[in-house]
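**Student:** The structure is given below, and queries will be raised subsequently.
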Amino acid sequence: MSVSIDQVRHIAGLARIAMSDEELARLEPELNNILSWIEQLSEVDTDGVEPLATVIDQKMRLREDAVTDGDCRDDVLANAPKPEHGFFGVPKVIE
Amino acid sequence: MTDLTSLTIAQLRDGIAGRQFKAREVAEAYNAAVAGATTLNAYTVTTPDDALAAADAADAGQSNGPLAGIPLGIKDLFATKGVDTTAGSHILKGFKPTYESTVTANLRKAGAGMLGKLNMDEFAMGSSNETSTYGPVISPWRRQGSNVGLTPGGSSGGSAAAVAARIAPGVTGTDTGGSIRQPAAFTGISGIKPTYGRCSRWGVVSFASSLDQAGPMARDVRDCAIMLEAMAGFDPKDTTSLDLPVPQWEAGLSSDLKGKRVGIPREYRIDGVPAEINALWDQGIAWLKDAGAEIVEISLPHTKYALPTYYIIAPAEASSNLARFDGVRYGLRAEGGESLADMYSRTRAEGFGAEVKRRIMIGTYVLSAGFYDAYFTKAQRVRALIKRDFVQAFEQCDVILTPTAPSAAFGIGETTDPLAMYLNDVFAVPASLAGLPAMSVPGGLDAQGLPLGLHLIGPELDEQIVLNAGLAIEERAGFTARPEKWW
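Chains as they are written, first to last, in numbering that gives the first Met the number 0: chain A, 0 to 94; chain B, 0 to 486.
And the structure:
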């Protein structure tokens, strides 16, 4: 499978990364190179093989559904680029 | 008076405990060495007062942990309270966490101080440190008769260079696909990636969560064992953390391999790998035989597919993990965005470097509707087969020996093709995909005088056999070469 420049533009949109036409043009052959290289996995017979998501066999641990942390608004906001009135500030979303 | 920076962590620990010298003298010696080595670009931030404070606490008898008063370098991927943590990325410049990663908190609990934060490939994506927003780390090593700047490897390149240049006695690294082991090999030091889940990932900036694992890098195997014991342990804050006691790896060290079987995977003889690498591998086999081990040939049939599998799974997880960098909660925010979506995409365009963008793009593509099964699910199935290969191999052997990297360190700027760069981790990636403990120890020098590493892979949870086989090689290799000081 290979990607066209329009598809690269679409992926950049999904990934939320602004890209110039120049950058897209540079990326297209690079992505195609990598994609055709990973294509070799299609040679492997994986029929009946369960996909591996957890590499060391262990049960997902759930903690008690209780507040164990909190009251640290200033800590949470300490690194925000534009905190406003104790909230994260963002560009206007609703007119 | 001994040069304190020439001592190992074990020697420093014993010297401080035995009052042969003060921890403060150690911290001062290291702070001076760090200040004198800025040319290497190994540290992004230095914290001399932190190292001194831990030393004074040790000298005053206020801390008697296993690392009391030992100053360490910390890879810039670990969140350190109040100290810049940037993952080598422009997008996190100036980020000062209000919390401490579990691993560094454990090291502090053991009495260690911090010399500073160590440079690395951006978000740990790279094998040469060239993707760091701070510019590449320069290896203290040089080819004979040349002053070309070489890479210390990556992504834990600042960590590796710091240990090799004697500007830290030990450091933390992280390994997603070889990021501890390849730089250890390039710089003639030791480094171990433990079993996935041994060290908490809480407070470590995520790259690929099913692969990322912290580990120590140090001068020798014993120091790695000491540090790993302090770093590891169950952490309820990380759901993938293993709820198991931490073994006493240092006390368990033994280079006697009688009754042990060492597996040599035939698929790791790869075309195009320099003869010196294979010669060192043969030498390693002879050393382990000398230590009493029996050598058995094994097969890991899916080895060839490990790297392409990795380059689907790691970018997929990275694209998801790095979605949190959007200019809202921390880090950079691009100016001039008109809408929220515009602000996100400008921020990410400005904040991420080329390699990170490339991997986010690959990851986004392989996870997108229509391609998810063909790429991501397929890769997870192949990953299952790679893991099964190892499980079957460990029915025939106790530990596996391979080379660490397919070459010695290369020059900065010498490898420009992304695919060629990815090949650096060809020997390291399979163990990462299987979550196994694996270590690199120095084996010797190549014809140009550069270090080469040998790589040991153990079964799940058996760091001890990895350390022990590493120790057996260390004793026999007698690797004492050091880079000549030019910086």
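Just so you know, even glycine gets a beta-carbon here, dropped at the ideal spot from N, CA and C.
Output needed in chain order: residues of the region 73-87 of chain A with a Cβ under 9 Å from some Cβ in chain B.
**Tutor:** Listed in sequence order: D73, D74, V75, L76, A77, N78, A79, P80, K81, F87.
**Student:** Flag L23 of chain A as yes if its beta-carbon sits less than 7 Å from any beta-carbon of chain B, otherwise no.
**Tutor:** Within the first sequence, residue 23 of chain A is the residue found at index 24, counting from 1. Closer than 7 Å: no.
**Student:** Ordered along the chain, which non-local residues of its own chain (more than five positions away) have a Cβ less than 6 Å from that of G469 of chain B?
**Tutor:** Position 470 of the second sequence, counted from the start, is the residue given in the question as residue 469 of chain B. Result list for G469 of chain B: V220, M438, V440, L455, in chain order.
**Student:** Can you tell me which of A:K91, A:H9, A:S19 puts its alpha carbon nearest to the alpha carbon of R507 of chain B?
**Tutor:** Since the first and last residues shown for chain B are 0 and 486, residue 507 of chain B lies out of range.
**Student:** Quick one: is G336 of chain B near chain A, going by C-beta distance under 7 Å?
**Tutor:** Within the second sequence, numbered from 1, the residue matching residue 336 of chain B stands at position 337. It does; some Cβ of chain A falls within 7 Å.
**Student:** So, does the CB of T45 of chain A fall closer than 7 Å to a CB anywhere in chain B?
**Tutor:** Residue mapping note: residue 45 of chain A aligns to position 46 of the first sequence, counting from 1. With 7 Å as the cut-off, T45 of chain A counts as an interface residue toward chain B.
**Student:** Restricting to Cα atoms, I'd like to know which of B:G35, B:S158, B:L227, B:F206 is closest to V102 of chain B.
**Tutor:** Reading the second sequence from its first residue, position 103 is the one you call residue 102 of chain B. Per the Cα distances, B:L227.
**Student:** Check each candidate in B:Y421, B:A183, B:G60, B:Q391 and name the one with the smallest Cα separation from P450 of chain B.
**Tutor:** By 1-based counting over the second sequence, the position of residue 450 of chain B is 451. When each option's Cα is compared against that of P450 of chain B, the closest is B:A183.
**Student:** Interface residues of chain B around V66 of chain A at Cβ under 7 Å?
**Tutor:** Taking the first sequence and counting its residues from 1, the one referred to as residue 66 of chain A is at position 67. Chain B residues near V66 of chain A: none, gap ~15 Å exceeds 7 Å.
**Student:** Note down, in chain order, every chain B residue with its Cβ under 8 Å from the Cβ of I4 of chain A.
**Tutor:** Taking the first residue of the first sequence as 1, we reach residue 4 of chain A at position 5. Within 8 Å Cβ-Cβ: nothing; I4 of chain A doesn't reach chain B, min ~13 Å.
**Student:** Tell me, to the nearest whole angstrom, how far the beta carbon of I490 of chain B is from that of P168 of chain B; I am working on the premise that it is less than 8 Å.
**Tutor:** Residue 490 of chain B lies beyond the range of chain B shown here (0 to 486); nothing can be said about it.
**Student:** If the cut is a Cβ gap below 7 Å, which residues of chain A does A419 of chain B touch?
**Tutor:** As a first step, residue 419 of chain B is located in the second sequence; it is residue number 420 there, counting from the start. What A419 of chain B touches in chain A: nothing, since even the nearest Cβ is about 11 Å away.
**Student:** Comparing alpha-carbon positions, which option in B:W286, B:L306, B:S155 lies nearest R475 of chain B?
**Tutor:** Within the second sequence, numbered from 1, the residue matching residue 475 of chain B stands at position 476. Of B:W286, B:L306, B:S155, the residue nearest in Cα terms is B:W286.
**Student:** Mind checking if P90 of chain A is an interface residue toward chain B, Cβ cutoff 7 Å exclusive?
**Tutor:** As a working mapping, residue 90 of chain A is identified with position 91 in the first sequence. At least one chain B Cβ lies under 7 Å of P90 of chain A.
**Student:** Check this for me: beta carbons of W140 of chain B and P436 of chain B, under 7 Å apart or not?
**Tutor:** Indexing the second sequence from 1 puts residue 140 of chain B at position 141. Indexing the second sequence from 1 puts residue 436 of chain B at position 437. No, they are not a contact pair.
**Student:** Look at the alpha carbon of Q57 of chain A and the alpha carbon of P246 of chain B, and state the distance between them as a whole number of angstroms.
**Tutor:** Sequence index remark: in the first sequence, residue 57 of chain A carries index 58 (1-based). Sequence index remark: in the second sequence, residue 246 of chain B carries index 247 (1-based). Looking at the two C-alpha atoms, the distance is approximately 19 Å.
**Student:** Three or more C-beta pairs closer than 8 Å, one from the region 146-158 of chain B and one from the region 178-194 of chain B: is that the case here?
**Tutor:** Because the criterion of three Cβ pairs below 8 Å is met, the region 146-158 of chain B and the region 178-194 of chain B touch.
**Student:** From T46 of chain B to G87 of chain B, what does the alpha carbon distance come to, in whole angstroms?
**Tutor:** Within the second sequence, residue 46 of chain B is the residue found at index 47, counting from 1. Within the second sequence, residue 87 of chain B is the residue found at index 88, counting from 1. Approximately 17 Å between the Cα atoms of the pair.
**Student:** In the structure shown, what three-state DSSP assignment does H301 of chain B receive?
**Tutor:** Against the second sequence, residue 301 of chain B aligns to sequence position 302. Note: H301 of chain B maps to coil in three-state DSSP.
**Student:** What do you get for H301 of chain B, buried or exposed, if any count of 16 or more other CB atoms within 10 angstroms of its CB means buried?
**Tutor:** As a position in the second sequence, residue 301 of chain B is number 302, starting the count at 1. So H301 of chain B counts as buried.
**Student:** Note down the Cα distance separating E99 of chain B from F185 of chain B, rounded to an integer number of angstroms.
**Tutor:** The residue you call residue 99 of chain B lines up with position 100 of the second sequence. The residue you call residue 185 of chain B lines up with position 186 of the second sequence. Distance between the alpha carbons of E99 of chain B and F185 of chain B: 30 Å.
**Student:** Could you tell me which of B:C223, B:R200, B:P235, B:R387 sits nearest to V162 of chain B, measuring between CA atoms?
**Tutor:** Translated into the one-based positions of the second sequence, residue 162 of chain B becomes position 163. The option with the nearest alpha carbon to V162 of chain B is B:C223.
**Student:** Distance check for R8 of chain A and A368 of chain B, CA to CA, integer angstroms please.
**Tutor:** Taking the second sequence and counting its residues from 1, the one referred to as residue 368 of chain B is at position 369. Taking the first sequence and counting its residues from 1, the one referred to as residue 8 of chain A is at position 9. C-alpha separation (whole angstroms): 16 Å.
**Student:** Return yes when the Cβ of L51 of chain A is within less than 7 Å of the Cβ of R200 of chain B, no when it is not.
**Tutor:** As a working mapping, residue 200 of chain B is identified with position 201 in the second sequence. As a working mapping, residue 51 of chain A is identified with position 52 in the first sequence. No, they are not a contact pair.
**Student:** State the start and end residues of the unbroken alpha helix (DSSP H) segment that holds V365 of chain B.
**Tutor:** For the purposes of this step, residue 365 of chain B is taken as residue 366 along the second sequence, with counting starting at 1. Run containing V365 of chain B: 353-366, per the alpha helix (DSSP H) assignment.
**Student:** Quick one: grab the DSSP three-state call for T97 of chain B.
**Tutor:** Numbered from its first residue, the second sequence carries residue 97 of chain B at position 98. In the structure shown, T97 of chain B sits in coil (DSSP, three-state: anything other than H, G, I, E or B).
**Student:** Please give the ranges of any beta strand (DSSP E) in the region 51-88 of chain B, keeping only runs that are unbroken, at least 3 residues long and fully inside the region.
**Tutor:** Entirely contained in the region 51-88 of chain B, the beta strand (DSSP E) runs reaching 3 residues are, in chain order, 70-74.
**Student:** In this structure, what does DSSP give as the bridge partners for P450 of chain B?
**Tutor:** Locating residue 450 of chain B in the second sequence gives position 451, counting from the first residue. Answer by DSSP bridge pairing, in chain order: B:L444.
**Student:** With a threshold of 7 Å between beta-carbons, can L339 of chain B be considered close to chain A, or not?
**Tutor:** Translated into the one-based positions of the second sequence, residue 339 of chain B becomes position 340. Yes, its Cβ sits closer than 7 Å to a Cβ of chain A.
**Student:** Considering only the beta carbon of each residue, do F122 of chain B and V465 of chain B sit closer than 7 Å?
**Tutor:** If you number the second sequence from 1, residue 122 of chain B lands on position 123. If you number the second sequence from 1, residue 465 of chain B lands on position 466. Taking 7 Å as the Cβ cut-off, F122 of chain B and V465 of chain B do not qualify as a contacting pair.
**Student:** Given a cut-off of 7 Å, decide if I276 of chain B and E249 of chain B are closer than it, judged by their beta-carbon atoms.
**Tutor:** For the purposes of this step, residue 249 of chain B is taken as residue 250 along the second sequence, with counting starting at 1. For the purposes of this step, residue 276 of chain B is taken as residue 277 along the second sequence, with counting starting at 1. Contact flag unset, no.
**Student:** In this structure, how does DSSP classify L422 of chain B when only helix, strand and coil are distinguished?
**Tutor:** Residue numbering aside, residue 422 of chain B sits at position 423 when the second sequence is read from its first letter. Three-state DSSP puts L422 of chain B in a helix.
**Student:** Could you check what DSSP says for L40 of chain A in three-state terms: helix, strand or coil?
**Tutor:** As a working note, residue 40 of chain A is residue 41 in the first sequence. Helix.
**Student:** Of all the residues that make up the region 409-434 of chain B, which are near chain A by a beta-carbon distance shorter than 8 Å?
**Tutor:** Taking 8 Å as the Cβ-Cβ cut-off against chain A, the residues of the region 409-434 of chain B that qualify are P417, L418, L432, A433, G434.
**Student:** Please report how far the alpha carbon of A26 of chain B lies from the alpha carbon of L106 of chain B, in whole angstroms.
**Tutor:** By 1-based counting over the second sequence, the position of residue 26 of chain B is 27. By 1-based counting over the second sequence, the position of residue 106 of chain B is 107. Roughly 16 Å between the two C-alpha positions.
**Student:** State yes or no: is the C-beta of G262 of chain B nearer than 6 Å to some heavy atom of the ligand FAD?
**Tutor:** Among the components modelled here there is no ligand, and therefore nothing to report on the ligand FAD.
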